[in-house]
Amino acid sequence: MPLGDRGHIWVRLTLSNGDFVEASEFCMVSTMGIQQQRYRYQWMDATQTQ
């Protein structure tokens, strides 16, 4: 599958109380549409180190 048919997104959201959420998702385009391959997320409270 060509590289143009794949995608990865990573985001970090910092909340007003200092907590943050990180999310990552990897998708591929096929004849059936966009297929989610892997995802990950985590919520860290403000006391954790970044």
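Using the working numbering, the first residue of the sequence shown is number 80, and each one after it goes up by one. Backbone N, C-alpha and C define an ideal beta-carbon position, used for all residues, glycine too. Since this is a predicted model, take the numbers as computed values, not measurements.
Beta bridge counterpart(s) of residue i as assigned by DSSP
i: Leu92; result: Val100
i: Gly83; result: The partner list for Gly83 (beta bridge, DSSP) is empty, contrary to what the question assumes.
i: Gln121; result: Glu101
i: Gln115; result: Cys106
Cβ pair residue i, residue j closer than 8 Å
i: Val100; j: Tyr118; result: no
i: Met123; j: Asp98; result: yes
Through-space distance from residue j to residue i, alpha-carbon basis
i: Phe105; j: Val90; result: 12 Å
i: Gln114; j: Met107; result: 5 Å
i: Ala102; j: Leu94; result: 14 Å
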